[in-house]
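**Q** Residue numbers for the sequence shown, in the UniProt record's numbering: 1 to 467.
Take a look at the following structure, please.
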Amino acid sequence: MFAGFIILLLAAIPCTAITKVACIGASITFGHGIDQREVNCFPAQLYELLGKDYMVSNYGVSGTTLLRKGDNPYWNTDHYQMALKSLPDIVIIDLGGNDSKLINRVHLSEYEKDCTDLIQAFRQLASHPRIILLLPIPAFLTDTTQIYDRVIVKDIIPRLQRVAYTEKVEVVDMHSLFVDKQNLMPDKIHPDKEGATIYARRLYELIKAKRDTSFNIFPGIPEPITVSSFYGYECADFTFLNRKCKVVKPKWSAIKRPWVWRARFWGHEPQADIALLERGFHIVYCDVAELFGNPEAISLWNSFYALLTKNGLAKKTILEGMSRGGVYAFNWAAENPKRVAAVYVDNPVLDLKSWPAGLGRFPVSEKEAALFKEDFQLTTSTQVREFKGSPIDKVQEIVKGHYPILILCADMDEAVAPQENTMLFEKKVKALKGNITVIYKQGFKHHPHSLPNPTPIVDFIVKAAGM
């Protein structure tokens, strides 16, 4: 009787299923060059982060290629067969660096097919695993016959992104995360223990993220639409109110359905946008060039906002503006303070009298100045001098929104004077106790925008979105 009671009691205790994670890769996955690699390679560190409800297996084999015709194909390894037999729930594929070697480049035309076949080999398993492609990290070697970063960037990464698009699998940009981390790569190609930690933490965040895999905004977009790849993600192009628009959807949506609104210069320096897509953000665009944030632009954007929120995106957006995009972003934010979660701008125009009108340190930009005057119906030089429709004039309205602001500012900007734009704006915002952070890029000019490793931008936006 007593023994029977114990059996029934044990049967009533729910068993927690173990999630099996298979790490497929070459020497970085294996942990080459890392002291005590068995516990310090990124799969081992990932296991420590995930905890007892996960089993993380390291199937890395040094020197292997994704290419079947490569000099050392992963396909031919025992570890590949072991990974298949393990029936994993999650598969992380980190192959591509060795494929950039000179001996293997001649076969790159077959790279996409081989990558697709590898995905299909795991996809057809009874476990139906979640599949995650990792873009190769940079190689800092100068020997062009070996693992070579130019080939990784120009030939390997675009192919992986195309496969991610056609096969609808997740893809993680590890390249940008390591572009400024040569100090963590003693031999210039393999990360050390600290570098492996970056791998593990990024994958931990991805695996543990709360995902909405059913949300799809595309059916709510006005037809006709054209869908194409935006670095591996589905991008819908369409016309709304006679304006060209874009919506890029992530592989899955974050629970709060956050979105970033690119104000101007679509696709320029996209690394932050790509990193946010990985995290479940939508990226959107409504072309109101070149209205310089005038009332017509505000009205068009109000309608675009209504379209997107009606179809499920969050009620508050994150505005992103590069250069003159700063005017568009802040002028809309000033009119819509309750619809803004954050603003990130980069070498922004914040005073149209400074640029393009040329009433400050730098000369007039004739073409854009003519458009500016037309947009705001300014017919005399006096009207231009007395113009009060720039973000610099709307700081009080902007601060009332209580949203965080991030500005990247090049201190040697030769196009948009920092003293007349970012610096003055920062001073005014702080005087009103606004929430503003400015990262000054020492020694930089107007270009390039963003950061090669966008982590500070991404962290700011993720926090602002409440994730």
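Note that beta-carbon positions come from the ideal geometry of N, C-alpha and C, so glycine has one too.
Would the stretch 129-144 count as touching the stretch 176-190 if we require 3 or more Cβ pairs under 8 Å?
**A** yes
**Q** How long is the line joining the alpha carbons of Met-412 and Leu-451, rounded to whole angstroms?
**A** The count along the sequence shown starts at 1 and reaches residue 412 at position 412. The count along the sequence shown starts at 1 and reaches residue 451 at position 451. In a straight line, the C-alpha of Met-412 is about 16 Å away from that of Leu-451.
**Q** Counting along the chain, where does the alpha helix (DSSP H) carrying Ala-370 start and finish?
**A** By one-based count along the sequence shown, residue 370 stands at place 370. 366-375 is the span of the alpha helix (DSSP H), which, as asked, contains Ala-370.
**Q** Just mark Gln-271 as buried or exposed, buried being the case when its beta carbon has 16 or more other beta carbons within 10 Å.
**A** By 1-based counting over the sequence shown, the position of residue 271 is 271. Answer is buried; the Cβ neighbour count reaches 16.
**Q** What are the start and end residues of the beta strand (DSSP E) that includes Leu-134?
**A** Here residue 134 refers to the residue found at position 134 when the sequence shown is read from its first residue. Looking at the DSSP string, the run of the beta strand (DSSP E) that includes Leu-134 is 130-134.
**Q** Run through DSSP, which three-state label would His-190 get?
**A** For this step, residue 190 is matched to residue 190 along the sequence shown. Coil, per DSSP.
**Q** Measuring alpha carbon to alpha carbon, tell me which of Ile-119, Asn-242, Phe-218 ends up nearest Cys-235.
**A** Counting from 1 along the sequence shown, the entry for residue 235 is found at position 235. Nearest of Ile-119, Asn-242, Phe-218 to Cys-235, Cα basis: Phe-218.
**Q** Do you know whose CA, among Lys-441, Ala-275, Val-61, lies nearest Asp-78's CA?
**A** Locating residue 78 in the sequence shown gives position 78, counting from the first residue. For Asp-78, the nearest C-alpha among the options comes from Val-61.
**Q** Hey, how far is the Cα of Ala-369 from the Cα of Cys-245?
**A** As a position in the sequence shown, residue 369 is number 369, starting the count at 1. As a position in the sequence shown, residue 245 is number 245, starting the count at 1. Between Ala-369 and Cys-245, the C-alpha separation is close to 25 Å.
**Q** For Asn-98, which option in Ile-152, Gly-434, Lys-113 has the closest C-alpha, if you only look at C-alpha atoms?
**A** Within the sequence shown, residue 98 is the residue found at index 98, counting from 1. Asn-98 has its Cα closest to that of Ile-152, out of Ile-152, Gly-434, Lys-113.
**Q** Of the choices Asn-216, Leu-291, Ile-392, whose alpha-carbon is the least far from that of Leu-313?
**A** Locating residue 313 in the sequence shown gives position 313, where the first residue counts as 1. Per the Cα distances, Asn-216.
**Q** In chain order, what are the residue ranges of uninterrupted beta strand (DSSP E) at least 3 long that sit wholly in the stretch 265-307?
**A** 282-286
**Q** Pull the bridge partners of Lys-20 from the DSSP assignment, please.
**A** Mapped onto the sequence shown, residue 20 falls at position 20. DSSP, once it has assigned bridges, lists Met-55 as partnering Lys-20.
**Q** On a Cα-Cα basis, can you pick out the residue from Arg-339, Lys-353, Gln-377, Asn-421 that is closest to Lys-400?
**A** Position 400 of the sequence shown, counting from 1, holds the residue named residue 400. Minimum Cα distance to Lys-400 is reached at Arg-339.
**Q** If you check the beta carbons only, do Ala-334 and Lys-394 fall under 8 Å apart?
**A** As a position in the sequence shown, residue 334 is number 334, starting the count at 1. As a position in the sequence shown, residue 394 is number 394, starting the count at 1. Yes, these two residues count as a Cβ contact at 8 Å.
**Q** Is the stretch 151-168 touching the stretch 90-104 in the sense that three or more CB pairs, one from each, lie closer than 8 Å?
**A** yes
**Q** Expressed to the nearest angstrom, what Euclidean distance is found between the alpha-carbon atoms of Cys-41 and Phe-30?
**A** Numbered from its first residue, the sequence shown carries residue 41 at position 41. Numbered from its first residue, the sequence shown carries residue 30 at position 30. Computed Cα separation, rounded: 7 Å.
**Q** With C-beta atoms as the reference, is Asp-375 less than 8 Å away from Phe-292?
**A** Here residue 375 corresponds to residue number 375 of the sequence shown, with the count starting at 1. Here residue 292 corresponds to residue number 292 of the sequence shown, with the count starting at 1. Yes, they are a contact pair.
**Q** List the endpoints of the continuous beta strand (DSSP E) containing Asp-237.
**A** By one-based count along the sequence shown, residue 237 stands at place 237. Note, Asp-237: beta strand (DSSP E), 233-240.
**Q** Please name the residue in Leu-125, Ala-26, Asn-435 whose C-alpha comes closest to that of Ile-147.
**A** The residue given as residue 147 occupies position 147 in the sequence shown. Of the candidates Leu-125, Ala-26, Asn-435, the one whose C-alpha sits nearest the C-alpha of Ile-147 is Ala-26.
**Q** Starting from Tyr-440, trace the beta strand (DSSP E) in both directions and tell me its first and last residue.
**A** Along the sequence shown, one-based indexing puts residue 440 at 440. First-last of the beta strand (DSSP E) with Tyr-440: 436-441.
**Q** Apart from the five residues on each side of it in sequence, which residues of its chain come closer than 8 Å, Cβ to Cβ, to Leu-378?
**A** Counting from one through the sequence shown, the residue named residue 378 turns up at place 378. Phe-372, Val-384, Phe-387, listed in sequence order.
**Q** Indicate the three-state DSSP secondary structure (helix, strand or coil) for Pro-73 in the structure shown.
**A** Locating residue 73 in the sequence shown gives position 73, counting from the first residue. Here Pro-73 sits in strand by DSSP.
**Q** Nearest by alpha-carbon distance to Ile-157: which of His-282, Ile-131, Tyr-403, Met-174 is it?
**A** Counting from 1 along the sequence shown, the entry for residue 157 is found at position 157. Taking only the C-alpha atoms, the option nearest Ile-157 is Met-174.
**Q** Report back the beta-carbon spacing between Asp-212 and Ile-274 to the nearest angstrom; my notes put them in contact at under 8 Å.
**A** The sequence position of residue 212 within the sequence shown is 212, counting from 1. The sequence position of residue 274 within the sequence shown is 274, counting from 1. Going by Cβ atoms, the distance from Asp-212 to Ile-274 rounds to 20 Å, so no, they are not a contact pair.
**Q** How many angstroms separate the CA atom of Leu-206 from the CA atom of Lys-249?
**A** Residue numbering aside, residue 206 sits at position 206 when the sequence shown is read from its first letter. Residue numbering aside, residue 249 sits at position 249 when the sequence shown is read from its first letter. Cα-Cα distance, rounded: 17 Å.
**Q** Once DSSP output is grouped into helix, strand and coil, what is the label at Thr-380?
**A** For the purposes of this step, residue 380 is identified with residue 380 of the sequence shown, where counting begins at 1. Coil.
**Q** Give the DSSP-derived three-state secondary structure of Thr-144 in the structure shown.
**A** Stepping through the sequence shown from its first residue, residue 144 is reached at position 144. In this structure, Thr-144 counts as coil in the three-state DSSP scheme.
**Q** Counting only the same chain and skipping the five closest in sequence on each side, list residues whose C-beta sits under 6 Å from that of Phe-5.
**A** Mapped onto the sequence shown, residue 5 falls at position 5. Unreliable positioning characterises Phe-5 in this predicted model, as indicated by a pLDDT of 33, which lies under 50. The coordinate reading is nonetheless provided below. Hits under 6 Å: none found.
**Q** What three-state label does DSSP hand Trp-259 in the structure shown?
**A** Here residue 259 corresponds to residue number 259 of the sequence shown, with the count starting at 1. Here Trp-259 sits in strand by DSSP.
**Q** Does the distance from the CB of Gln-419 to the CB of Arg-324 come in under 8 Å?
**A** Within the sequence shown, the letter at position 419 stands for residue 419. Within the sequence shown, the letter at position 324 stands for residue 324. Their beta carbons are not under 8 Å apart, which means Gln-419 does not touch Arg-324 by this criterion.
**Q** Pick from Ala-415, His-32, Leu-319: whose alpha carbon is nearest that of Pro-363?
**A** As a first step, residue 363 must be located in the sequence shown, where it is residue number 363. Checking every option, the nearest Cα to that of Pro-363 belongs to Ala-415.
**Q** Comparing the C-beta of Leu-206 with each C-beta of chain B, is any distance below 8 Å?
**A** No chain B is present in this structure, which holds just one protein chain.
**Q** If I follow the unbroken beta strand (DSSP E) through Tyr-344, where does it start and stop?
**A** Mapped onto the sequence shown, residue 344 falls at position 344. 340-346 is the extent of the beta strand (DSSP E) around Tyr-344.
**Q** How about Ser-57 and Ser-86: are their beta carbons less than 8 Å apart?
**A** Looking up residue 57 in the sequence shown gives position 57. Looking up residue 86 in the sequence shown gives position 86. Yes, these two residues count as a Cβ contact at 8 Å.
**Q** Mapping DSSP to helix, strand and coil, what is Ser-109?
**A** Within the sequence shown, residue 109 is the residue found at index 109, counting from 1. If DSSP states are grouped into helix, strand and coil, Ser-109 belongs with the helices.
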